Each structure stands twice: as C-alpha cells, then as structure tokens.
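The structure appears below as structure tokens.
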Amino acid sequence: MRYHQADYDVPLLFEACDEQKIDDRFDPTIGGAIPKGLLRSDLNIPDLPERDVVKHFINLSQMNFGVDNGLYPLGSCTMKYNPKICDEVVSWPSVASIHPHQDPSTVQGALRLMHELEGMLCEIGGVDAVTLQPAAGAQGEYTGIHIVRAYHEARGEKRNEVILPDTAHGTNPASAAMVGYDVLEIPSKNGCVDIEALKASISSDTAAFMLTNPNTLGIFEKDVKEIAGTLHDAGALLYYDGANLNAIMGKTSPGHMNFDIVHFNLHKTFATPHGGGGPGAGPVGVKRYLEEFLPVPRIIEKDGKYHLDYDQPKSIGKVKAYFGNFGVLVRAYAYMMMQGGPGLEAASENAVLNSNYLKDKLKDDFELPYGGLRKHEFVLSGKPLKSKGVRTLDFAKRLLDYGFHAPTIYFPIIVDEAIMIEPTETESKETLDRFVDVCKQILKEDPEILKTAPHNTSRRRMDEAKAARDMIFSWRGYKKKTENAK
Amino acid sequence: MEHSKCSLEMLQELGLKSVDELFADIPKSVRSGGLRLPEGMSEIDLKRSLETMLSSNRHAESMLNFLGAGIYHHYIPSAVKMITGRSEFITSYTPYQPEISQGMLQALFEYQSYIAELTGMDVVNSSMYDASTALGEAVLMSTRISGGDTFLLSRAISPERRRVAELYAKGADIRLVDVDFDRASGSVDLNDLTSKLKDGVSGFYFETPNFFGVIESQAREIRGLLDKRTMVVGVNPMSLAILRPPGDLGADIVIGDAQVFGAPMSFGGPTIGLFGCRPEHVRKMPGRIIGMTTDIEGRAAYCMTLQTREQHIRRSKATSNICTNEALLAVAAAAYLSVVGRTGLREIAATNVRNMQSLSSRIDSISGFGAPLFKGAHFNEFIVRSDRDPFQIHKTLLTQGIHGGLVLANMFPELGNSTLYATTEMHTKEDHDRLLGALEGIR
Chain S
1 MRYHQADYDV PLLFEACDEQ KIDDRFDPTI GGAIPKGLLR SDLNIPDLPE RDVVKHFINL
61 SQMNFGVDNG LYPLGSCTMK YNPKICDEVV SWPSVASIHP HQDPSTVQGA LRLMHELEGM
121 LCEIGGVDAV TLQPAAGAQG EYTGIHIVRA YHEARGEKRN EVILPDTAHG TNPASAAMVG
181 YDVLEIPSKN GCVDIEALKA SISSDTAAFM LTNPNTLGIF EKDVKEIAGT LHDAGALLYY
241 DGANLNAIMG KTSPGHMNFD IVHFNLHKTF ATPHGGGGPG AGPVGVKRYL EEFLPVPRII
301 EKDGKYHLDY DQPKSIGKVK AYFGNFGVLV RAYAYMMMQG GPGLEAASEN AVLNSNYLKD
361 KLKDDFELPY GGLRKHEFVL SGKPLKSKGV RTLDFAKRLL DYGFHAPTIY FPIIVDEAIM
421 IEPTETESKE TLDRFVDVCK QILKEDPEIL KTAPHNTSRR RMDEAKAARD MIFSWRGYKK
481 KTENAK
Chain X
487 MEHSKCSLEM LQELGLKSVD ELFADIPKSV RSGGLRLPEG MSEIDLKRSL ETMLSSNRHA
547 ESMLNFLGAG IYHHYIPSAV KMITGRSEFI TSYTPYQPEI SQGMLQALFE YQSYIAELTG
607 MDVVNSSMYD ASTALGEAVL MSTRISGGDT FLLSRAISPE RRRVAELYAK GADIRLVDVD
667 FDRASGSVDL NDLTSKLKDG VSGFYFETPN FFGVIESQAR EIRGLLDKRT MVVGVNPMSL
727 AILRPPGDLG ADIVIGDAQV FGAPMSFGGP TIGLFGCRPE HVRKMPGRII GMTTDIEGRA
787 AYCMTLQTRE QHIRRSKATS NICTNEALLA VAAAAYLSVV GRTGLREIAA TNVRNMQSLS
847 SRIDSISGFG APLFKGAHFN EFIVRSDRDP FQIHKTLLTQ GIHGGLVLAN MFPELGNSTL
907 YATTEMHTKE DHDRLLGALE GIR
C-alpha cells in the first residue's frame, strides 16, 4: 500500500494584503460615537473572496493528519476514534447557543447533563464528587494540587513538597510548581516506583505524591496500595494522573487504589476529538473528605431541579471561567451513554489487548525494557537502531512515509531512545498487522532513507533551529524582519 | 464479555486463554468488579434521549438574549463551520510531527498573525484556555518580567476572571490589589492607581472595553504612571477592528477571549484565550508558539518553537503547565477573520457600536431607566440603571421570553440597581423593539 500526503505551496493569507488599500469610505468614528483618539488608523488584514478562503483551508486540512486519516499510536495521548454523532450534537442550538450567565431555570437540560456526567465519572474513578471545570488534563492537575494545598492549610499544616516518579508526565511537576510546591523526582526501579526511595523521601514536608497507574511505561504499579498507605500514614495525599485511565475501566479505579484525587482526560479516555491540540476537558474527582475544596459553583440537584451553589466557604475558588468546556463535556457524555458500562470495560480490554499484541510482535526487533504484561501502552527502546547508524527519531519520521503517525518518542526519559506506542482499542487487527509489517520493513531499509525521512509528507524534515533563531511568530513579525534585512 | 474473532486470534497468538489474563497484574485487593453504569445505547436512541434532555434549554434562537459580560453571541458564517468541521483538523493531536501536520501549523501561524495585527503585538501564542486563565498566566508572567510580589487589578473587570486570577496568584504567593474605577466615566481611577503603585508592584491589568462596556481613554497616562512595570491589557478583540491596538499604547501583554471570532457561546466553553506580548518578553511567555521556518528542501514550513519554555522539556521550571490548549478554536478564529475580512470585520464592529448606541438611548428614554450609566465611549455593552429592583425586572422579562442583561447588584453593590446589557449584530431592530416594549410595560 502506498501513501503520499497532499503537498501544496499554500501562500499565507496575509500575502494578499500587500496590494490591498484601506477603503476610506468607512467611517470609523461611527457617526462620532467614538472619539478619534481611541481609533486605529489602519487594519492590515486581507479582504478575500470566500471561494479563495475555502480553498486555502481545505488545502491546509489535506496537509494535516488526524485519527480519521490513519493509525495515530501516540503514547499517553489515547488517540482513539471519535464517534461523529458526538460532534453533531454539540452543533445543536440547545448546546451551542446557550450563555453561561443565563438564569439556571433556562438551562436545566445543560445542568442535568453535567450532573449526570459527574455521576458517571464518580463511578469510573471510584470517587465521591467531581468538578467539570478544568479545561484540560494539566488544569485538572493544577486544580487537584490546589485542593492538596487547601486540605493541608485547613488542617493548619504548611507542607512544601510534592513528590513524583521520574517517569511522570511533564505537566505533573509543572502543575505542582505553579501551586507553589517544591518538586522532588524520585528514580524508578525496574520501571516502577521504588518504594524504598519513596519512603526515604517522605517527610512531614510531603504534601502529595503524583502517580499515574498504569505508569507511563504501561506497567501496572502492583504496590499501589502500599504506596497509598505510606503516603497516608505520613499525612500526605495521593494524586492520580488520569492520562492512562483507558487501561483500567471496570477493572480497577483510582478510588479502589486508594488515591484521594484524580483527573480525567475526556479528550483521551472518552473519545472527544483533540482538535489539533485542544479543546480538551480535565474534570477532577475527589473522595468525600475533599469535596468541600472543589471549585465553585457546584451543581446541586434538588427535587428534580438543578441549582448552582456558590456558597462553599472552603472551596479553592475558580480555576476557569464558568463551568468548564461544555462542548467537550457533551461529547464525552454522548460517548459514555453509547458505550455504557459494559462498552467502557470492553474498550479498556481491547486497548490492553491491542497494546500487548503489538508489544509481542515488536519486542524482538527492538528492545523491551522490563518484561511482562503491559496495559494500554508500552515503551520500546530504539537502541538497536544505533547499529544501523540511525536513531529513534529517524525511525519515527520514516513511519510517516507509510501513512502512520509516529509514536511518542524520547519519553519517558528513563528509557534510552524511547518509542512509546499506544494503539487504542479502536484499531483493527489488520491495521496493527500492517503497522508491524511496516516497522519490520523499515528496519531493513537503507539507513540513508531513514535519515532523510520523511519523503512522502507535505514537507520534508524541518529546520527547527532556524525557527528558534529567526523567531518569526506572525506575518507582522515577518514583515519587520524582512524590512530590517533591507 | 464477548469478543470478536480477531480478538480471540490475537489472544491465541499471545498464548493467552482469556482477556482476564491480560489483567492478571492488577491485584485482587484493588479490583472494582465492573462498572455500575447502564448498558450502552444505539446512536438513534442516544439522539432521542439527548434531544429530550436538552429541549428544556432556552437558547438564543428560541429566546431573545441580551447577555454578554465576556461571552458574546455573534454570527458564524457557514464557511467557518465547514472549515472547522474538517476531520483532518478535528481529529489531529498537537502537531508534534510537523512534516505531517503542516495544515494545522500554518493555520495556527495565521491565527497568530491575525491576532498580532489586531492587538499590535509581534508575539502571540497559539492559545490559552480562555481569557480568565490567560489573565492568571499574565499575572505570573508579569512577576517574571518585573519581579515583585504584588499585582494590581482594575475593579472594572469580570468577577469570573478576577476569581481565576486569585487562584493563579495564590499559587505563586502573589498579592492582588484592586484599583478603583472613576464613578463618572467608568474608566480607571488614576489617583487610586497612583496611590497603589508602591515598591513590589510588578504590573497592572485593565480592560478596554472594560466589564462595563467602557472604552478606556487613558491608556497613555496609565503607561506613563506604570513606568517600567508591566502593563497588561484585556481586550474584546472584536472591538480592535476599529479601536487603537494596545500594542500602540505601550502594552507589554495583551489578553482576551477570541470566542467572538467564529466560536459559539457553548455555555461558556470551550472558548479561546488570546495571549500576546512584546518580543523582548517571549522567553517568559506561557503556551505553544508556532514559528516560521523551512524544511531541508528550503520550502516554507511551520513548526512549534521555543519549546524549552514548556512543561514537556522544562518540567517544574517551565513557564506554565499548559499542554492541551484551544487549537481548533484558533483555526476557527483564523477562518472567521479571513472569511469576513477587513471590510466585513469593521462593518460588524460598527454595527455593534450602532446597536449599542441605539438600544442605550432608547432605554434611556423610558422613565424609570437610565443608560448608559457611565459617560465614556462604549463598544457593544453598557449598564442600565433602573428605579425598580433589577432582579424583578429580570423575572418579568423572562416570563415574556426575553433574557435581559446580567444583573450586577450582587457583584457591584456600589452601582445600585444596575444591569449589564450587551447587543451585537445578531439583534435586529425588531428585537430591540420587543425589549423596549417589555421594559415600558414594567416601568
């Protein structure tokens, strides 16, 4: 099977500006409503026929690769197929055309949907209460760590440190630091939390430990209850990074593992499309004793009516305006209703099956650090590529030539030349087999082909150093730069 | 659980008898034993059930609505919906592999270019979550630029944004101090600002138009007073079609919400936080930035750049924890701005101002009402003062199928019986007539 991405030279829309003149029939004062001194003299954006604009963006879209184009095995990102009905319902006026300041009596349907979504997330997460407010996973972490801080402060304690394993997602340490904590990363042992190292680093200064389970190597941390016990004995809390939740639905839950706080990535586990980087949604769930710290407003149901409750004196406040990324919440709700409980459990089963299947087929061609089962993802080492004189990066770029998105690479940092693969449950055996064939074929190819890959995409390998050196972030910046050069 | 033929084949190849063996590494002590959730639904049943549930929502197409306060009802051209509906955009992840993601990268660069032009800032990132978190991040960035432990906020900003800023400031142990507004003009009280510019103040945030709809006329004076401190300006970017860009007025950071460009109100989310800054501050900026470059064949290309500021590289030392942002809404904004163009955008902005002027003066002519409360120039919203209890007025309007403005009595008690009304190009003269008729019935 051959692949070649569309390949156009699409000029920037702004390039049309140069020949265009300002229309001076326009009265910017609008009949004197606005004093001249407050007005701009010029607006340098292009006037274009709709026909040209549509062509421009359609050509751009063809130079972009999404899950709908093919396999997207980006580890820790859970790029599963997004059912189309979920996109359709958010275009309904009853979803798209409601305003967040509307009287609650006029948005009962929206509040009910959110309340029910909270309930489903409680069940999946094994928690007692959920806020839907955070806009993304990282903001969920940020919310959760603020709850950690509020919890300790309410107990009259000042704890300054958050601990996490060296395999943690980069957002974990960044979120903890933004809430004002010092971050201590502990080295892993055999791909898992080193309990002795953890115990040695816990002190009365420890506020929380952040963990994802399965971890970023795809390995289930079997000793999670012991970890939780150790933390709780020291008066600290355990935070669950929900990025890897797709592995365990119906089998276990963060709550069953004795986590205190969890965030969910609706744009991963619950199939809402990732939109080229967002929007996402990162609801946070907590056990009962932390509920009073959740952001306001809480959605309260009483006698079949839904209310917004702002009267929560211990709440951390607000992490984002209004109620969260409603459009994303509706998509996730629709997905969960279609899957149902058994469907969600089956999703996890098939995600784990696909992952172990690929792992088994590829482990002898690469290296698989730490043996045994994997959950939804696995990490290979691209070290054997070095004997060919190529690196993981070259292998990843060459995959693009076959119409596969590349896996996550060089993460987690503890694996040399890491290749992190997450196939998800929505890929067929045929697709996985083809991926395996292509991986094996690439290993046999002339190293030069890999080093100069990709060849079949809209652009060849980037000069990323030039981007950092030139620092051109806008048409305006580009014009200034070229004028200065003259 | 039933499994397909393929699944069974795969299990066999793994040497396993059942799916359960795949989960043998999860100890019994943490097993949950399934999900207590209903069975799944077919697509048609889901659609019926959602239609029923959501039919109780009264939306802008079924109820005349005068709410604004940060989220606005604007027309979204069909071409914009078609473009943002392209599944190559919708179903892609963050463009970590630029060679196969040029479409998204160029679209984001075009978004940055549009916002740079509108705001007068050379550097714009490819989005924050919304205006409220953009403000939170701006407070933190201001401290990175100017040092200090205190940040000043105008009182004439949205209480939603204010509360989010409080949380971000708390995380960084930054003290927030309010600066009052002038009771006559509604703009920044310069005397109060001056008195609060003490040592340790890193910067000041004000909006134009502000929460009361008033266009700030003293930006130059504020710039002078701030001296070397960071000036952070919040904008409604739609107004920048006609208003002077904050970059021209000396802003260091500009934030706002680009929801007005092609995104529905959607109950307040997702929207898109715009964030721009001066070039000298770029390494202190949060969020993803798309840069222009070339590929090895020398062809024009785009990629994420200056990533050493970001969490996946810098971890606890990153400028922000943000990873997922609002990329698809940035594509929507770029598509919107290119479809309406310069002429269209300026016309839309002018229509907003005209509608505001007309509605405001017509409400003012009803006895028992006064509008606008403040004397300054306005964009598309304004405060209506009433003799009667604004909550009562709100309730009466609702019974007539009209959602009036946002009652400010609890948020700004010092403004008395005040309600914030917004009007955009979505309102026709007949819509205004209906509101006027209803208000006349109330007096």
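Protein chains in written order, with the numbering used here: chain S, 1 to 486; chain X, 487 to 929. Don't be surprised by glycine CBs; every beta carbon is placed ideally from N, CA and C. These numbers come from a predicted model, not from an experiment.
Inter-residue Cα distance where the pair is residue i and residue j
i, j, result
"Val-508 of chain S", "Ala-96 of chain S", "What is shown of chain S runs 1 to 486, which leaves residue 508 of chain S out entirely."
"Thr-272 of chain S", "Glu-623 of chain X", "26 Å"
"Lys-881 of chain X", "Ala-555 of chain X", "19 Å"
"Glu-812 of chain X", "Val-718 of chain X", "21 Å"
"Met-487 of chain X", "Asp-194 of chain S", "With a pLDDT of 49 at Met-487 of chain X, under the threshold of 50, the modelled position of this residue cannot be trusted, and the question is left open."
"Leu-921 of chain X", "Gly-280 of chain S", "37 Å"
"Glu-707 of chain X", "Ala-835 of chain X", "26 Å"
"Ala-503 of chain S", "Thr-206 of chain S", "Past the edges of chain S, shown from 1 to 486, lies residue 503 of chain S, and the structure says nothing about it."
"Thr-424 of chain S", "Val-352 of chain S", "8 Å"
"Ser-355 of chain S", "Leu-626 of chain X", "41 Å"
"Pro-187 of chain S", "Ala-197 of chain S", "8 Å"
"Ile-219 of chain S", "Cys-77 of chain S", "16 Å"
"Ser-612 of chain X", "Glu-417 of chain S", "29 Å"
"Arg-534 of chain X", "Glu-833 of chain X", "40 Å"
"Phe-411 of chain S", "Leu-393 of chain S", "12 Å"
"Asp-42 of chain S", "Arg-709 of chain X", "22 Å"
"Ala-200 of chain S", "His-232 of chain S", "15 Å"
"Tyr-478 of chain S", "Leu-679 of chain X", "37 Å"
"Gly-317 of chain S", "Leu-653 of chain X", "7 Å"
"Asp-364 of chain S", "Leu-521 of chain X", "36 Å"
"Ser-688 of chain X", "Pro-369 of chain S", "49 Å"
"Leu-494 of chain X", "Pro-342 of chain S", "18 Å"
Cβ neighbours of residue i in the same chain (closer than 7 Å, five flanking residues each side left out)
i, result
"Leu-726 of chain X", "Leu-604 and Thr-605"
"Ser-253 of chain S", "Ile-124, Gly-125 and Gly-126"
"Gln-139 of chain S", "Gly-282, Val-319 and Lys-320"
"Lys-225 of chain S", "Met-257 and Asn-258"
"Asn-172 of chain S", "Glu-141, Leu-164, Met-210 and Asp-241"
N- and C-terminal bounds of the beta strand (DSSP E) containing residue i
i, result
"Pro-165 of chain S", "161 to 165"
"Cys-763 of chain X", "759 to 763"
"Thr-780 of chain X", "775 to 780"
"His-307 of chain S", "305 to 309"
"Phe-877 of chain X", "Taken as a continuous stretch (DSSP letters only), Phe-877 of chain X belongs to no beta strand (DSSP E), being part of the alpha helix (DSSP H) at 876 to 885."
Own chain, CB closer than 8 Å to residue i, minus 5 neighbours either side, in chain order
i, result
"Lys-314 of chain S", "Ala-150, Ala-154, Glu-292 and Phe-293"
"Pro-584 of chain X", "Leu-591, Ala-787, Tyr-788, Cys-789 and Met-790"
"Val-650 of chain X", "Ser-618, Thr-619, Leu-621 and Gly-622"
Cutoff 6 Å; reference residue i; Cβ partners in own chain excluding five residues on either side
i, result
"Gly-942 of chain X", "Residue 942 of chain X cannot be examined here, being either before or after the span of chain X that is shown, 487 to 929."
"Tyr-8 of chain S", "Asn-59"
"Asp-309 of chain S", "Pro-297, Arg-298 and Ile-300"
"Gly-75 of chain S", "Glu-377, Pro-407, Thr-408, Met-420, Ile-421 and Glu-422"
Residue range of the unbroken alpha helix (DSSP H) whose run includes residue i
i, result
"Asn-834 of chain X", "In the sequence as displayed, the identity of residue 834 of chain X is Ile instead of Asn. Unbroken alpha helix (DSSP H) run through Ile-834 of chain X: 813 to 850."
"Glu-574 of chain X", "573 to 576"
Cβ of residue i within 9 Å of any chain B Cβ
i, result
"Arg-630 of chain X", "Chain labels in this structure do not include chain B; the protein chains are S and X."
### Message
With a threshold of 8 Å, are at least 3 pairs of Cβ atoms found where one atom belongs to the stretch 104 to 113 of chain S and the other to the stretch 138 to 148 of chain S?
### Response
no
### Message
When you compare the stretch 65 to 79 of chain S with the stretch 564 to 576 of chain X, are there three or more beta-carbon pairs, one atom per stretch, that lie closer than 8 Å?
### Response
yes
### Message
Quick check: the stretch 860 to 870 of chain X against the stretch 655 to 674 of chain X, are at least 3 beta-carbon pairs closer than 8 Å?
### Response
yes
### Query
Using 8 Å as the Cβ pair cut-off and three pairs as the minimum, do the stretch 121 to 133 of chain S and the stretch 258 to 278 of chain S touch?
yes
### Under 8 Å (Cβ pairs) to chain S, residues found in the stretch 882 to 897 of chain X
Leu-884, His-889 and Leu-892
### Short-range partners of chain X found in the stretch 94 to 116 of chain S, where Cβ spacing is below 8 Å
Ser-94, Val-95, Ala-96, Ser-97, Ile-98, His-99, Pro-100, His-101, Gln-102, Asp-103, Ser-105, Thr-106, Val-107, Gln-108, Gly-109, Ala-110, Arg-112 and Leu-113
### Task
Would you check if there are 3 or more beta carbon pairs closer than 8 Å linking the stretch 726 to 738 of chain X to the stretch 901 to 917 of chain X?
no
#### Entry: Residues in the stretch 395 to 407 of chain S having any Cβ partner in chain X nearer than 8 Å
Ala-396, Lys-397, Leu-400, His-405 and Ala-406
#### Entry: the stretch 383 to 402 of chain S touching the stretch 448 to 457 of chain S, judged by at least three CB pairs closer than 8 Å
yes
### Task
Closer than 8 Å, Cβ to Cβ, to anything on chain X: give me those residues from the stretch 469 to 483 of chain S, in chain order.
Asp-470, Met-471, Ile-472, Phe-473, Ser-474, Trp-475, Arg-476, Gly-477, Tyr-478 and Lys-480
### Query
Just by C-beta distance, which residues in the stretch 311 to 322 of chain S are closer than 7 Å to chain X?
Ile-316, Gly-317, Lys-318, Val-319, Lys-320, Ala-321 and Tyr-322
### Query
Relative to chain S, which residues along the stretch 902 to 920 of chain X have a C-beta separation below 8 Å, given in chain order?
none
### Query
Counting pairs of beta carbons, one from the stretch 688 to 706 of chain X and one from the stretch 626 to 644 of chain X, are three or more of them closer than 8 Å?
yes
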